[in-house]
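*Asks:*
Numbering (our numbering), first residue to last: 733 to 1084.
1) For residue 1049, which residues does DSSP report across the bridge?
2) Would DSSP call residue 968 helix, strand or coil?
3) Would you mind sorting residue 865 into buried or exposed? The rule is 16 or more other CB atoms within 10 Å of its CB.
4) Assuming residue 767 and residue 849 make a contact with CB atoms under 8 Å, what is their CB distance in whole Å?
5) Tell me the DSSP bridge mates of residue 926?
6) Going by DSSP, name the residue or residues bridged to residue 1007.
7) In the DSSP assignment, the alpha helix (DSSP H) including residue 801 goes from what residue to what residue?
8) Suppose you measure from the CA of residue 1075 to the CA of residue 912; what does that come to, to the nearest Å?
9) Nearest-angstrom Cα distance between residue 793 and residue 907?
10) Give me the Cα-Cα distance between residue 888 and residue 924, rounded to the nearest whole angstrom.
11) Nearest CA to the CA of residue 823: which residue from 803, 979, 852, 757?
12) Identify the residues that DSSP records as bridge partners of residue 1034: which are they?
13) Can you name, in chain order, every residue of its own chain whose Cβ lies under 6 Å from the Cβ of residue 733, other than the five neighbours on each side?
14) From residue 818 to residue 863, what does the alpha carbon distance come to, in whole angstroms?
15) So, under 8 Å CB-CB, residue 1049 and residue 1019 are touching, yes? Tell me the CB distance rounded to an integer number of Å.
16) Whole angstroms are fine: how far does the CA of residue 945 sit from the CA of residue 952?
17) What do you get for residue 920, buried or exposed, if any count of 16 or more other CB atoms within 10 angstroms of its CB means buried?
18) Between the alpha carbons of residue 855 and residue 774, how many angstroms are there, rounded?
19) Leaving aside the five residues before and after residue 993 along the sequence, list all residues of the same chain whose C-beta is less than 8 Å from its C-beta, in chain order.
20) Quick check: what's the CA-CA separation for residue 810 versus residue 746?
21) If residue 791 sits next to residue 762, beta carbons under 8 Å apart, how far is it from one beta carbon to the other, in whole angstroms?
22) Compare the beta carbon distance of residue 955 and residue 1014 with 8 Å and say whether it is the shorter of the two.
23) Using only the alpha-carbon positions, how far apart do residue 743 and residue 905 sit?
24) Pull up the DSSP beta-bridge partners for residue 1012, would you.
25) Tell whether a beta-carbon distance below 8 Å holds between residue 988 and residue 978.
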């Protein structure tokens, strides 16, 4: 992947993170403002209307401003984390404005710090705590050192509702992120074991399944057959008709293998113009029958395509047996059968 594409993907991921943080910031701002308002309603008459205006401005302006600033930044995630630290100053001030009342103070601290802990940004958490203390002390002194340890029952219920709602919202967001991460990991695993050109399993994954089949034979004598398939004269076809025709032929072979094998079998691209099929619970006769079916379907496909009339398949078959001490012995037997098929004139099947 080009360097610029990696940078664009990284920025897109950071912008998605900024959007998620903005959503939780809005939820936290609403819930925190409700908890603050419940306390100010009972004790905040001495402040006058200025604190209420500040609370409304904090609720209405800060979340969209922080989102806008982070998205316009060259480094959105770094800017967002600096804003996390700044929010500690705001939270400290509002804890002081509630007269250090334990319940709303706990709600504000949890709303502020839960996301930092969940993200694992410990340096950001330390900076946020420092700003929280600074905002609390300076706000408490500026507001005349209010002290309201008691809270009405209604105010306490409101604060607890805000706390539980925030926990639920944060848990839901984390669950959604976990599901997205699992889906992405599954996609990466599929890509890691699949040949991107023709959407068949690649050689590395196929060989891991061969090892499993070999182990089952040694333990339980479960029979299996290996087919190695080569597209005859593929290089000449590529040179004469072009790479697009060659790619179309490889895609056609892949489609034929997918349509031919059973659900428990495994077709794969073994490398270049060579394919492989692992047939589970199939002896050499079953393998030969499957190979004949593949050749017939390939002949029908070439007649329908019309671009290449002389494209055929050579197939070597090896049934696993006690002489195959190693997996490589089994593969070598199928490879030797394939070599015999090509040496005998191609367009044929040889059972090893």
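Glycine included, C-beta positions come from ideal geometry on N, C-alpha and C. Since we're looking at a predicted model, the values are computed, not measured.
*Replies:* Quick look at the numbers:
1) Your numbering for residue 1049 matches position 317 in the chain shown. Residue 1049 pairs with 959, 1083.
2) For the purposes of this step, residue 968 is taken as residue 236 along the chain shown, with counting starting at 1. The answer is helix: DSSP assigns residue 968 an H, G or I state.
3) Position 133 of the chain shown holds residue 865. So residue 865 counts as exposed.
4) In the chain shown, the residue the question calls residue 767 occupies position 35. In the chain shown, the residue the question calls residue 849 occupies position 117. Not quite, the Cβ-Cβ distance comes to about 19 Å (not below 8 Å), so this is no contact.
5) Position 194 of the chain shown, counting from 1, holds the residue named residue 926. Per DSSP, 933.
6) For this step, residue 1007 is matched to residue 275 along the chain shown. Looking at the DSSP assignment, residue 1007 forms a beta bridge with 961, 1001.
7) Residue 801 sits at position 69 when you count from the first residue of the chain shown. Looking at the DSSP string, the run of the alpha helix (DSSP H) that includes residue 801 is 782-804.
8) Against the chain shown, residue 1075 aligns to sequence position 343. Against the chain shown, residue 912 aligns to sequence position 180. Whole-angstrom Cα-Cα distance: 52 Å.
9) By 1-based counting over the chain shown, the position of residue 793 is 61. By 1-based counting over the chain shown, the position of residue 907 is 175. Approximately 28 Å between the Cα atoms of the pair.
10) Numbered from its first residue, the chain shown carries residue 888 at position 156. Numbered from its first residue, the chain shown carries residue 924 at position 192. Each residue's Cα considered, the two are about 53 Å apart.
11) Along the chain shown, read from residue 1 onward, the residue named residue 823 stands at position 91. The residue with the shortest Cα to Cα distance from residue 823 is 757.
12) Stepping through the chain shown from its first residue, residue 1034 is reached at position 302. Bridge partners of residue 1034: none, in fact.
13) The residue given as residue 733 occupies position 1 in the chain shown. Here the model assigns residue 733 a pLDDT of 48, short of 50, so the residue's position is not dependable and the matter cannot be decided.
14) Looking up residue 818 in the chain shown gives position 86. Looking up residue 863 in the chain shown gives position 131. For residue 818 and residue 863, the distance between alpha carbons rounds to 7 Å.
15) Walking along the chain shown from the start, residue 1049 turns up at place 317. Walking along the chain shown from the start, residue 1019 turns up at place 287. About 4 Å; that satisfies the 8 Å criterion.
16) As a position in the chain shown, residue 952 is number 220, starting the count at 1. As a position in the chain shown, residue 945 is number 213, starting the count at 1. Looking at the two C-alpha atoms, the distance is approximately 10 Å.
17) On the chain shown, residue 920 is found 188 positions in, with the first residue counted as 1. It is exposed - the Cβ of residue 920 has fewer than 16 other Cβ atoms within 10 Å.
18) Here the question's residue 855 lines up with position 123 in the chain shown. Here the question's residue 774 lines up with position 42 in the chain shown. Between residue 855 and residue 774, the C-alpha separation is close to 37 Å.
19) Indexing the chain shown from 1 puts residue 993 at position 261. Cβ within range, chain order: 999, 1009, 1011, 1022.
20) Position 78 of the chain shown holds residue 810. Position 14 of the chain shown holds residue 746. Their backbone Cα atoms lie some 9 Å apart in a straight line.
21) Here residue 791 corresponds to residue number 59 of the chain shown, with the count starting at 1. Here residue 762 corresponds to residue number 30 of the chain shown, with the count starting at 1. The Cβ separation is near 7 Å, so the contact holds.
22) Position 223 of the chain shown, counted from the start, is the residue given in the question as residue 955. Position 282 of the chain shown, counted from the start, is the residue given in the question as residue 1014. Yes; because the gap between Cβ atoms is below 8 Å, this pair is in contact.
23) For the purposes of this step, residue 743 is taken as the residue at position 11 of the chain shown. For the purposes of this step, residue 905 is taken as the residue at position 173 of the chain shown. Computed Cα separation, rounded: 21 Å.
24) Here residue 1012 corresponds to residue number 280 of the chain shown, with the count starting at 1. In DSSP, residue 1012 forms a bridge with 956.
25) Taking the first residue of the chain shown as position 1, residue 988 is located at position 256. Taking the first residue of the chain shown as position 1, residue 978 is located at position 246. Cβ distance not < 8 Å, so residue 988 and residue 978 don't count as in contact.
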